[in-house]
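When you line the sequence shown up against my numbering, it's residues -2 to 933, in that order. Built from N, CA and C at the ideal position, the CB exists for glycine as well. Computed from a predicted structure; not experimentally measured.
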Amino acid sequence: MTFLIHRLLSSQDKPDGKRNLTNDGSQASHQIAVLSAEVEHQRNQVEELDGKYRVTLTQLDVLTRKDHERQQEKRDLEKRLALLQHDLKEAQRKADYESDSRRKLDGLYQEVKKTLEDEQNKRTRDHNSAIAVNEKLYGLEKQLKEVQDKLKSESDNNSRLRKQHAELVVTSQRKESSLTEYTEKFATVQAMRDSLERDMVNLQTQLDQERTQKHHQVDIVTQTEGKVQALQAKLDNAFEREAVARKEAEKVSERLVQLEKDRNSLELELRGMTSRYEQEARALREASNAAPAHNYQSSAQALAALQERLNAEKQKRQQAEASSQEKECQNSMLSVDYRQLQQQLHKLEGEYRQECEKVKVLQKQVESESERRTSLANDLQSQVSEISSMRTREKLLVRDLEEAKEARSSLEEELHKLETLKSVDDVQMKELNDTLEAEQYFSTLYKTQVRELREEVDEKSRQVVELEEEHISLRQQLQLTVGRADAEALARSIAEETVAELEKEKTVKGLEIHDLLSRHSAEATEKDCALNAVKEREQELNKSFESLKQEKDALNSQVQLLEEEKKQTNKERQDELDKLDRQLKTEQLLKMQAVNKLAEIMARRENLPATRKTKASANDLRRKEKECRKLQQELTLERDKFSQTVAKHQKEVQEFQALFNDESQARTRLQMEVDSKDSEIESLDRKIANLNSETASLSSGADNDIDELDSRLEGWLSIPNKQNIKRHGWRRQYVVVSSRKIIFYNSENDKQNSDPILILDLTKVFHVRSVTQGDVIRAEAKDIPRIFQLLYAGEGESRKPGENPGPLTLLEGAGLDKAGTLVHKGHEFLAITFHMPTNCEVCQRHLWHMFKPPPALECKRCRFKIHRDHLDRKEDMVAPCKVNSDLNTAKELLLLAPSVDRQQNWVTRLSKKIQKSGYKAQHTTSTDGAKVSPRL
């Protein structure tokens, strides 16, 4: 219908469209009738097509219902088939397992049979060797009995000789003892004599020293007495001075009291004078106010009288003021005198105290000297008495010495006799010792032989015991291995059953997914049908759209051609501009030369008429100046266009950088979620392993230690909000330590939702240790035993993007170099002002001024310069920082445990984990050539 209307309109709008409507009215009515008939015909056709369309829709619904029923039957059959296949796989698996177990049992039976045969062979060998050893033992016992008989006879002979030797020894000892007694007596007498001589010499020296000390002390006592007398005189003088000072102080105090009284009286007089003056002034004011205006003469007289009174009062006031000033001067002088007297008094009191202290010290010295003198006198008397007693002892010792000399001569004679007897006894003793040594040699030979035989017997018995113990231990190990194998078989069967159930559930889930996919495909086909209907309607619009698109493409091609032409023209213009700049420079030089020449001509004052050439040159210069101005305008326009294009490109680059940052943040978020999921999977695997180990038998102590080391470590800890812990406090975090990562959550709900806030890679952790007061200066002393420190590489940290500090937050605890910085999109902005020409890198406006520059910011890392207003308005035009911080630098993290025991547990467990899979362990394994596979 639209086509017919279009045709009608096109037939009406022909090139020669100026027709007369009155002449062609019949033709128009005929055409309208034809068009209405065609419209009715098309309406009938549309109704017929609608009926056919409804019939086909009903048929399609019936077919779709049948298709759904058949698909449902197909799904049921597929489910049954999958279950049957699963049952068949289970039966095959059980059959394979039973065949494997049978093979294993056969292998074990063969091994046990071989071990039994080996044990029997060993037993026969041991039995034969035991018989041979018993025979050897029997022969050795016989030899031992013979040797024992010989030893008895030798021992009897030896005992007899020993008795003789003992008798001789006793006699020699008696003689030696008597000799030693005499020699000891002689030595004691000589020693006593020497000691007495030494004592005498010492006493004489002591006596001389005491005499000299006595004379010295007498001199000291006389000196001290002289000093005491001088000090006593000084003390008397000091007492006199003190008395004089006290009298002067009393006089000064009395004078001060009088001065204070005078001062108070003067103050009272001054107050009275001021009150009188005020009263007179008031009376004068009242009189002036009360005087009538009309009586001029009387008022003049009253004023004159008042003036006289006022002058008199002024004179009195001046006199009073002068007297008060004099009194004040006297008062100030008296106060100064009083202060001087007070200072003198304080000085005198200080001198008096010093003198008193000196007197006390001298009195103490005098007392100590007197005590020392008395003690020296007592010592002298005791030493005189000792000297007298020593002289008497000396006389006695001289007598004893003479007696000792006589006894010595007699003892020497006896000693000579005893030495002759001792020489005879020594010869006899040598003979007896030779015989005894021969007998001892034979006895030691027999004993060594017997000892060797006994050691051989003991070694054989030990070997037999060791073999029996090995046999028992092998049996026990065999029993343990059989028990473990049974437990492992049970655990494996349970695990296979659970795996089979899981596979069954998997097949059921796969079938359900297949059903859902089929339903989805059916719904998709229905929607496709609807879409096809819509597409058929849209085809007509698409045709028109395509025609418009073709026109647009043609226009775009024209625009591209124009842009290329524009670029070429820009290049040509740039070349022309360069040429023109050169020409301009040359022309400027020529102009300057011409100006210089003109100046020379003017200096010569040659008033010649201007020729045609000069006019021509001036005209050329004007024309070139105009062209130069035009070119400069074009250049400014091109520069503006270029700056706009540069701004567009910068915006695009900033948008791309923002997208890249968003992508990287999303990637880190997903990576953190994946790491948390990995830790949950690891915990589930460990739980399954624990369940399997519970079904098995108990393992040894070493296995238990390994399980303890590999067990999961998690709990509540606290991390500092900022560097100043006392001001900002701690923040609780739920920490989970897996085999690869240390994961921090805000709460247990975040852990269940796998939404961590911070993840540290265990392979990048250097060490863990408890802290001291020097490590955490700003923490409370009671919390230090519960704090421990983690040191890790910066590249091993992945933090939640939303947890970064805000764009305009000041980094308060970042140190001196971070103070006053603003963090925004990775930039570290510092406030700065520019006095040299610089432009903003966001809006391309001026960022400088000679006297009043606008507030600006500059990044410390990438030197990015912007206006401060862009950050204050929170605009998104700022691109992220291109320079990232160094990730390889070491970082520290302080953690606070709930108690000291928990802190020690965390430190020990984390140190074991770090030793097993930390930074040092990874690097040592990589240097040794081991395979390192950290999770990317």
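K211 to V358 span [Cα, whole Å]: Looking up residue 211 in the sequence shown gives position 214. Looking up residue 358 in the sequence shown gives position 361. Cα-Cα distance, rounded: 25 Å.
Terminal residues of the continuous beta strand (DSSP E) containing I781? Along the sequence shown, read from residue 1 onward, the residue named residue 781 stands at position 784. Taken as a continuous stretch (DSSP letters only), I781 belongs to no beta strand (DSSP E), as it is neither H nor E.
Where does the unbroken alpha helix (DSSP H) through S914 begin, and where does it stop? What you label residue 914 is simply residue 917 of the sequence shown in a count that begins at 1. Per DSSP, S914 belongs to the alpha helix (DSSP H) from 897 to 914.
DSSP beta-bridge partners for D758? Here residue 758 refers to the residue found at position 761 when the sequence shown is read from its first residue. BP columns for D758 point to K738.
T185 classed as buried or exposed, judged by whether at least 16 other C-beta atoms fall within 10 angstroms: Counted from its first residue, the sequence shown places residue 185 at position 188. The residue in question, T185, is exposed, as its Cβ has fewer than 16 Cβ neighbours within 10 Å.
In or out: H124 buried (at least 16 other Cβ within 10 Å) or exposed? Taking the sequence shown and counting its residues from 1, the one referred to as residue 124 is at position 127. With fewer than 16 other Cβ atoms within 10 Å, it is exposed.
Using 8 Å as the Cβ pair cut-off and three pairs as the minimum, do the stretch 72 to 86 and the stretch 424 to 439 touch? no
Considering only C-alpha positions, which residue in the set D397, K797, Q720, W727 is nearest to D772? Translated into positions along the sequence shown, residue 772 becomes position 775. Checked all of D397, K797, Q720, W727; the closest Cα to D772 is Q720.
Using 10 angstroms around the beta-carbon of S669, count the other beta-carbons present and answer buried if the total reaches 16, otherwise exposed. Counting from one through the sequence shown, the residue named residue 669 turns up at place 672. What sits at residue 669 in the sequence shown is Met, not Ser. Buried: at least 16 other Cβ atoms inside 10 Å.
The alpha helix (DSSP H) that contains K748, what's its start and end? Counting from one through the sequence shown, the residue named residue 748 turns up at place 751. First-last of the alpha helix (DSSP H) with K748: 745 to 749.
Per-residue burial, Y916 [other beta carbons within 10 Å of its own, 16 or more giving buried]: As a working mapping, residue 916 is identified with position 919 in the sequence shown. Classification for Y916: buried.
Name the one or two DSSP bridge partners that L433 has. Locating residue 433 in the sequence shown gives position 436, where the first residue counts as 1. None; L433 has no bridge partner.
Nearest neighbour of K936, chosen from C840, S736, N836 [CA to CA]: This structure does not reach residue 936, given that the chain is present from -2 up to 933, and the question cannot be answered.
Less than 8 Å between the CB atoms is what I'm expecting for V839 and H821, so what's the real figure, rounded? Here residue 839 refers to the residue found at position 842 when the sequence shown is read from its first residue. Here residue 821 refers to the residue found at position 824 when the sequence shown is read from its first residue. About 12 Å; that fails the 8 Å criterion.
Whole angstroms is fine: what's the gap from V496's alpha carbon to R51's? Taking the first residue of the sequence shown as 1, we reach residue 496 at position 499. Taking the first residue of the sequence shown as 1, we reach residue 51 at position 54. Each residue's Cα considered, the two are about 54 Å apart.
Report buried or exposed for I754, applying the criterion of at least 16 other Cβ atoms within 10 angstroms of its Cβ. What you label residue 754 is simply residue 757 of the sequence shown in a count that begins at 1. Answer is buried; the Cβ neighbour count reaches 16.
Just the Cα atoms here: how many angstroms apart are Y135 and T432? One-based indexing of the sequence shown puts residue 135 at position 138. One-based indexing of the sequence shown puts residue 432 at position 435. Cα to Cα, Y135 sits roughly 34 Å from T432.
On the criterion of 16 or more Cβ atoms from any shown chain inside 10 Å, does A853 qualify as buried, or is it exposed? As a working mapping, residue 853 is identified with position 856 in the sequence shown. Buried is the call here.
For K910, is the classification buried or exposed, using 16 other Cβ atoms within 10 angstroms of its Cβ as the cut-off for buried? Translated into positions along the sequence shown, residue 910 becomes position 913. Flag for K910 reads buried.
Taking all protein chains shown into account, do 16 or more other C-beta atoms lie within 10 angstroms of the C-beta of A876, making it buried, or fewer, making it exposed? In the sequence shown, counting from the first residue as 1, residue 876 sits at position 879. A876 should be labelled buried.
Going by DSSP, what residue range makes up the beta strand (DSSP E) through K862? Taking the sequence shown and counting its residues from 1, one reaches residue 862 at position 865. Run containing K862: 862 to 864, per the beta strand (DSSP E) assignment.
Near K563, which residues of its chain fall below 7 Å by C-beta distance, leaving aside the five closest residues on each side in sequence? To locate residue 563, count along the sequence shown from 1; it is residue 566. Excluding sequence neighbours, K563 sits near nothing in its chain.
Among Y742, S321, S767, which one has its Cα closest to the Cα of Q900? To locate residue 900, count along the sequence shown from 1; it is residue 903. Measuring from the Cα of Q900, the nearest candidate turns out to be S767.
Could you say which of K172, E222, R472, Q316 lies nearest to E364 if we only look at CA atoms? Residue mapping note: residue 364 aligns to position 367 of the sequence shown, counting from 1. Of the listed residues, the one whose Cα sits closest to E364 is E222.
How far does the beta strand (DSSP E) with K871 in it reach, from first residue to last? Taking the sequence shown and counting its residues from 1, one reaches residue 871 at position 874. Run containing K871: none; DSSP gives neither H nor E here.
For I774, does the three-state DSSP call read helix, strand or coil? The residue given as residue 774 occupies position 777 in the sequence shown. Note: I774 maps to coil in three-state DSSP.
On a Cα-Cα basis, can you pick out the residue from E635, A894, E548, V592 that is closest to T566? As a first step, residue 566 is located in the sequence shown; it is residue number 569 there, counting from the start. The option with the nearest alpha carbon to T566 is E635.
Check each candidate in E649, L574, D659, T168 and name the one with the smallest Cα separation from D422. Residue 422 sits at position 425 when you count from the first residue of the sequence shown. D422 has its Cα closest to that of T168, out of E649, L574, D659, T168.
With DSSP as the reference, please indicate the residues paired to Y274 in a beta bridge. Numbered from its first residue, the sequence shown carries residue 274 at position 277. In DSSP, Y274 forms no bridge with anything.
Based on Cα-Cα distance, which residue from T112, H38, C526 lies nearest to T61? In the sequence shown, residue 61 corresponds to position 64, counting from 1. Out of T112, H38, C526, C526 has the C-alpha closest to the C-alpha of T61.
Does the stretch 390 to 402 come close enough to the stretch 175 to 193 that 3 or more CB-CB pairs lie under 8 Å? yes
8 Å Cβ cutoff met for V765 and V904: Against the sequence shown, residue 765 aligns to sequence position 768. Against the sequence shown, residue 904 aligns to sequence position 907. The answer is yes: Cβ separation under 8 Å.
Rounded to the nearest angstrom, what separates E456 and V130 at their Cα positions? Counted from its first residue, the sequence shown places residue 456 at position 459. Counted from its first residue, the sequence shown places residue 130 at position 133. When rounded, the distance between both Cα atoms is 11 Å.
Between the Cα of V144 and the Cα atoms of L618, T441, L471, L508, which residue gives the shortest distance? The residue labelled residue 144 in the question sits at position 147 within the sequence shown. Closest option to V144, Cα to Cα, is T441.
Given a cut-off of 8 Å, decide if H864 and W845 are closer than it, judged by their beta-carbon atoms. The residue given as residue 845 occupies position 848 in the sequence shown. The residue given as residue 864 occupies position 867 in the sequence shown. It is not a contact, given that the beta carbons lie outside the stated cut-off.
Any contact of the stretch 619 to 632 with the stretch 572 to 588, i.e. 3+ C-beta pairs under 8 Å? yes
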